[in-house]
Every structure is written in C-alpha cells, then in structure tokens.
Amino acid sequence: MSVMQNNSEKSKWYLPGVLGGLSVTMKHMVGNLLNRKKMMTLNYPEQMNDYSPRFKGNHVLTVKKDGSLRCTACMLCATNCPAECIKIVAAEHNDPAVEKFPIAYEIDILRCVFCGFCEEACPVDAIRLGPEWQTPALNGGQFIYDINHLAYRPNLKGGIQTHVDDEERHKQGI
Amino acid sequence: MPKCTINGKEVEVKEGTSIIEAMQVSGDRIAHYCWHPGLSVAGVCRLCVVEIEGNPRVQIACNTMVTEGMKINNTSEKVKDTVKWGLDFHLINHPLDCPICDQAGECGLQDQYMEYGKYDPEMAEAKVKKHKVVDLGPTVVLDSERCILCSRCVRFTEEVSKTNELGLFNRGDRTEIGTHDGMPLDNKYSLNTVDICPVGALTSKDFRFRQRVWYLKDGDSVCNGCSTGCNIKVYYNKEGLFRIKPVYNEQVNGHWMCDSGRNAYKFVNREARLLKGIARGTEMAPGAAAKSASEVLKSTSGDAVALVLTAQYTVEEYEAIIKTFVEEFKTKKVFFWINNKETFDSFDGLLSRGDKNPNTKGLLKVMEKYGISATWTDLSAGLANGSIKTVVVAGPENQAVFPEYNEKLKELSKAQNLIWMQAGKNEALTALTGNVWIIPMKTFVEKDGTFINHSGLEQKIKKVTNVVSEALTVTEAALLLSGKNLAMPMMAPFMPTNQRPDQVELEARKKNEFVFRRGSL
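Line by line, the protein sequences give chains A and B. Heads up: the first sequence begins at 1 in my numbering, then just goes up one per residue. Heads up: the second sequence begins at 175 in my numbering, then just goes up one per residue.
If you want it as structure tokens, here you go:
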C-alpha cells in the first residue's frame, strides 16, 4: 500500500477546514432546534436506512444456473483472509465437469472484518459481500455461517446467480 | 573435462554433460518440463532453450552436450522471447482451471507463466477439449486437458518401472496420454508419475483435493516402509501428515520411491494413534503409565524379565532400552520379533525389499554389542513354563507389515505382566485385560535418531513435527521404566534481549508457527 503525503504549505492551514466542518454542525443544530417538525430522524427498526449498493455486508455464495454452488473450493479466499475466518473442506464431485466442490464452507462471522479480500481473491465470482448488515443472533453457534445460510438463506430467494457460467466459458473455449 | 561459460560464469563439467546439467551445476535457472534427471532425454517441450555463441539459432539445452570453450547464455532477449512464445504454445490448449487443479502452487507452468508469460493470447481458435477425470488405475487420475505432453510419465513406465502401461496416442493437438487397451496404470511405482508430472495432469487419488499445497509444510525424513530407507519429504500441517514424496539420494533411492512407502504417513496421523496410556485398565498419561509399570519391573528380578523388540525403532532407542535391561534389570533376555523371515531377502529389482522394517541391521548391531543371543524359542519356552513373568514389548509402528500380530499378541499375553509400547491403535491390544500396561510411542517423524538400511548405510532422521506430543520415545520409556525421571531439556525462553531489569517477565511462549508462515506466500 502506498501512503500519500501532502507536504504543501497549504496543508498546514487546518483551521479553515475545522471551522467549516463546525459550521455545518452548527447549522443543523440550530435548524433542528428552531424547526423540530422537520428534524431528520429515523424510527429504527420500523424505518431503515438504505445503504449504498457498494456496501459490503454479509457474505453470499453465488450459485450456477442449476442452483448448485459456484465455488470450486480452491481455498484462495481462505488463504487471503486476514482474519482466518473461512474454513473449507473440498471433495470430489461425481460430475467430471464440476470435478471439485466444497462439502463444507464455513465463515466465522464474528471474526470476519468485512475487508472484501475473499471477494477479490475469488477467481470464479463465487463469493460476494452482500447488502445485508443486520444480523443478530441468539448464541455464538449462529454466527458460524454454513453453506446453507451463505447460499440459500430465505432472503436470497433460491440463490444469487453468477454472471460467470461454467458451461458458457467452456463453449467459448476459455 | 570441458570448460564452458554459462551466463558469464566459467564452469568445468564432466565429459558428455548436457548444457542443462551444466546449468544445474552452475546454479543457473532454466525452464524445463520434459527433461528429468532420472529419465532419458525427449526434447519435446522446447523450453530449455539457450543461445550458444557462434550459433545463429537457439538450441535446446537438454540434448546439446557441452564442448570445450562453449559460451552459453539463457538470459538474453532472444532466449526470453523464444521461451515466451514456446510457453504460448504450451498454453494454447491448457485450461486455466488452477482453482480446481491440485498442482496449483507447485506447478511449473504457473511459475513460468509468471516469469515469461505472454499475457495476451493471440489464438483465434477455441481450445481443443480433451478427456477430463480419466481413471488411469487404482492410484492415479488423469486430466488430459492439462497435460502438456512432456512424456515424462510415459518414459517413466518405459525406463524405470518397465511396465509400459502408458503411451501417447493420436497426432498433433489431439495427442493424449493414455493407457494401452485393458492395461491400467497399476504398478508398485505408479505414483512417481504424479511426482514428475510438471503440471496437474496426473493427480494422486489419495491426495487429490484433500489439501492445497500451500497450506503444507515439509520436512526431510527417511521412509520406514522397508529396509531400503528411501529419503523422503513429509508434507504436513497442524491437521496431520498428508503425503510423502521422495528426495533424490543417489546412494539409496535415486529419484523414486514405491507406492506402499507413500502410505507410511497414514499410521502417523492422530486418528490412527494411541493417545492415552493404559495401566491395568485405567487410562493415564503415557509417562504416568510407564512410571506405574516401573514398579512391576522393580519387583520382578533378573531372568523373569524379558524384552521383545521389533526392528522399527532407531539405533539410539535400542541402545537405551537394551542398556537399561542389561545393566539395571540384569537380564539378557532380549528377543527380536521377526515379522516375515522367509521374505526378508526378496527384492523387486528397483527399490522395494522384503524386509519391511527400516532398521533390522541397527537392531542386530546393538544386540550384538551387548552379546545377546536369545532366540524366540527361549521366549516361548519361558512363557510356557512360567519362568518369564514380565514382558516388555516395543511393538510395531507399521502394523500392516506384521501379519501375525494377533498370534504373537496372544502368545505374549500369557505373561503375568505385559508392558506394551506402541504408536498405533489396535483393538486386540486395547481389549487385553489384567496386568497390562499400554504406553503410546512416538513415530519416526516425531523423533531424532538413526536408521541403518539393508546395505549398512546409517541415515540420520530428524524430528519433523509432533503429532501426539505426549507420547514417549523408547529412550524416554526406558528411563521411566527403570524408575528414573525424565530430564526435560530447557528451551531457551522466547524473550526480548533488551528487557529492562525491573520489567515483569512474561512466561516463555512459542509463537504459532503456522501463523508466521502465512506471510511468506
């Protein structure tokens, strides 16, 4: 990682920036005090804030068109994971076109730091960080997400399809 | 002795050395797939090209001999360009399924691609599809698409195992490796083809998909499968051992090892091991079990005590336990448990020997040193008439090569007190009741020592890893059995040297080495 440093004369003038930020705060505070009806509040949990689509929330394992897992158990995500929270057990698939697939894929979500390295390491677009972020659970065991939860939890509605499809890739000769 | 210059360095080599061998001597790196030091030269991969001064074209290094005054260069732009285009040809039909391929991480093609890769392919044609997951035989699976047709495996079955199962079939880019009709790749050395495959075309059924290679650490050892004593590398991580591969040693095994030797990791793994000692039916720590057995040994004197040894332990261990018996217990009743005497001298002409113990010579040497001449008939007679009351047994590590294990166990359990030291689990053993002590032992990867092979060559083995850390070596057991305590070697504490004198000292601790290694990827 490269670190950028701004050593110009201008960067030493920090006070205008601080005061500018403070003025925004003051403007909102005064506005809220004088006009309480229009105060920006959210009645959580009835109302929820939508995050940007780029938000990296809980993991999703994508599926192929037939609904089976896209993951080939190459372990690159597990290798790349700085928190070491991914555990995969590979096995041989009966279908020679698939060859290898995970029989266990577990993420210890309490250890996960949501850095997105797994998503970047995946060569087949099998794991993504989804938009979900509210994931309470009653006990520790429920924070270990298995294949069933990662790929087929109810709000994924049968699984999210990858745009990279094996058969199409094969036909194109890649 | 011709002298040549390789990349500016002057090297003197033997007459008839090829350039690629000279480069191994000089330590220069050169790409090669089809050339293997243990096989004949095929010259099919065309990647080991070099530029020779005075020669307008680049030459392959594996099939060109060094001559006096030759000036060789493989770092020039011309060579680099040639390798790059050669690699492009190799990759024309090679699938990029590295996520699935077991060779990923130790693949020559991957390495070369990173060094010379032509990242933009210029082929307009689609790849030729070949057979995936071809079952070649009981041990090996072939993926023809990944094969780059270096023919190493074919030459191996022709030249080394001499079984001729494999061949190259069809022509051009439809060429595939395959077995001759009705002849599966089924010989005692078949897994060597997996070792020498430079890409992931041949994979071992045993290791396939079980672990990615970059999670494995390796350590050198000596195979304890038979008395040849092949030099090996064991691959392991914190979950246990995963595979064994041969290491080149001209004196012993050359480049190869047999398939049955590769199974030696299985009896080392935790699921096959005794974890707790048993003393008269109560479970306890191995050391405590040995200590409790020492009381029995103290009470039985002299010739009522016998020691039975198998040839599966190291010379140092034999030395320690026989010395204890001769000097402390004043008995010379030490017996050699021979597993298959008739086949000891058989030899298959390549590596595998009938004597399936790694250290028969070593045991005989130590027994000779202490002037021990007792035979098994003495033991049988002693057990039958009850003159031998206490028997200490150093049982087999590799139980598979002791077919008469259960009979011997039955015979030995006639003794009043039976003290059995063994590494692996055995149901017949743990089912024994009465005055029986079972002490878990360490295996050959967990201790230092010496094996003496069939030809009398002494080979040192070093500790590779700990699988069952609480298990004992025979040396430690001998100390405990004679009533002494173990002297634990004090490790130098892991502590900073620049500590203030008044600083509170942390308990010495060892960092998790597996976490350390992660960064080296």
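We treat Cβ as the ideally placed atom computed from N, Cα and C, and that holds for glycine. Since the model is a prediction, treat every value here as computed from it, not as a measurement.
My output table needs one value for residue 261 of chain B: the three-state DSSP class, helix, strand or coil. helix
Starting from residue 370 of chain B, follow the alpha helix (DSSP H) in both directions and report where the run begins and ends. 366-370
Taking its Cβ as the centre, do 16 or more other Cβ atoms sit within 10 Å of residue 267 of chain B, making it buried, or is it exposed? Classification for residue 267 of chain B: buried.
Can you tell me the Cα-Cα spacing of residue 483 of chain B and residue 601 of chain B, whole angstroms? 20 Å
Between residue 180 of chain B and chain A, is there a C-beta pair that is closer than 7 Å? no
Could you tell me whether the segment 132-150 of chain A touches the segment 47-61 of chain A, where touching means 3 or more Cβ pairs closer than 8 Å? yes
Under the DSSP definition of a beta bridge, which residues are partnered with residue 634 of chain B? B:624
Mind checking if residue 215 of chain B is an interface residue toward chain A, Cβ cutoff 7 Å exclusive? no
Taking only three categories from DSSP, how would you classify residue 614 of chain B? Note: residue 614 of chain B maps to strand in three-state DSSP.
Tell me whether the beta-carbon of residue 618 of chain B lies closer than 7 Å to the beta-carbon of residue 443 of chain B. By the CB criterion at 7 Å, residue 618 of chain B and residue 443 of chain B fall outside the cutoff.
Per DSSP, which one or two residues make a beta bridge with residue 395 of chain B? B:406
Is the CB of residue 56 of chain A under 7 Å away from at least one CB in chain B? no
Local Cβ density within 10 Å of residue 129 of chain B, reported as buried at 16 or more and exposed below that: The shown model of chain B, from 175 to 695, leaves out residue 129 of chain B, and the question about it has no answer.
Hey, out of B:598, B:599, B:605, B:574, whose CA is closest to residue 584 of chain B's CA? Comparing alpha-carbon positions, the option among B:598, B:599, B:605, B:574 lying closest to residue 584 of chain B turns out to be B:605.
How is residue 508 of chain B classed by DSSP in three states: helix, strand or coil? strand
In angstroms with no decimal places, state the Cα-to-Cα distance between residue 291 of chain B and residue 625 of chain B. In this structure, the straight-line span from the alpha carbon of residue 291 of chain B to that of residue 625 of chain B is close to 46 Å.
If you check the beta carbons only, do residue 503 of chain B and residue 479 of chain B fall under 7 Å apart? yes
Would you please verify whether the beta carbon of residue 90 of chain A is less than 7 Å from any beta carbon of chain B? yes
Of all the options B:493, B:582, B:235, B:522, which has the alpha carbon lying nearest to the alpha carbon of residue 545 of chain B? B:493
Which term fits residue 593 of chain B, buried or exposed, when burial requires 16 or more other beta carbons within 10 angstroms of its beta carbon? buried
For residue 606 of chain B and chain A, any beta-carbon pair shorter than 7 Å? Among the residues facing chain A, residue 606 of chain B is not included, as its CB has no counterpart in that chain under 7 Å away.
Quick test of your reading: residue 72 of chain A and residue 162 of chain A, contact by CB under 8 Å. State the CB separation rounded to the nearest angstrom. The Cβ separation is near 12 Å, so there is no contact.
Starting from residue 594 of chain B, follow its DSSP beta bridges and name the residues at the other end. B:567, B:612
Cβ contact (3+ pairs, closer than 8 Å) linking the segment 336-353 of chain B and the segment 276-289 of chain B: In short, these stretches do not touch, since the Cβ pair count stays below three.
Is there a C-beta anywhere in chain A that falls below 7 Å from the one on residue 266 of chain B? no
Would you check if the distance between the CB atom of residue 485 of chain B and the CB atom of residue 533 of chain B is smaller than 7 Å? When the beta-carbon positions are compared, residue 485 of chain B and residue 533 of chain B come within less than 7 Å of each other.
Local Cβ density within 10 Å of residue 96 of chain A, reported as buried at 16 or more and exposed below that: exposed
Please classify residue 22 of chain A: does DSSP put it in a helix, a strand, or coil? helix
Pairs of beta-carbons, one from the segment 410-418 of chain B and one from the segment 555-565 of chain B, closer than 8 Å: are there three or more? no
Which chain A residues sit within Cβ distance under 9 Å of residue 306 of chain B? 96, 97, 99
Own chain partners of residue 199 of chain B with C-beta closer than 7 Å, once the 5 adjacent residues on each side are dropped: 185, 187
To the nearest angstrom, how far is the alpha carbon of residue 99 of chain A from that of residue 303 of chain B? If you take the alpha carbons of residue 99 of chain A and residue 303 of chain B, they lie about 15 Å apart.
Between A:119, A:80, A:81, A:74, which lies nearest to residue 89 of chain A when the distance is taken from Cα to Cα? A:74
Would you call the CB atoms of residue 446 of chain B and residue 611 of chain B closer than 7 Å? no
Which whole-angstrom value describes the C-beta separation of residue 212 of chain B and residue 234 of chain B, a residue pair presumed to lie in contact below a C-beta threshold of 8 Å? Actually they are not in contact, since the Cβ atoms of residue 212 of chain B and residue 234 of chain B sit about 19 Å apart, beyond 8 Å.
Member of B:194, B:646, B:375, B:180 whose CA lies at the smallest distance from the CA of residue 491 of chain B: B:646
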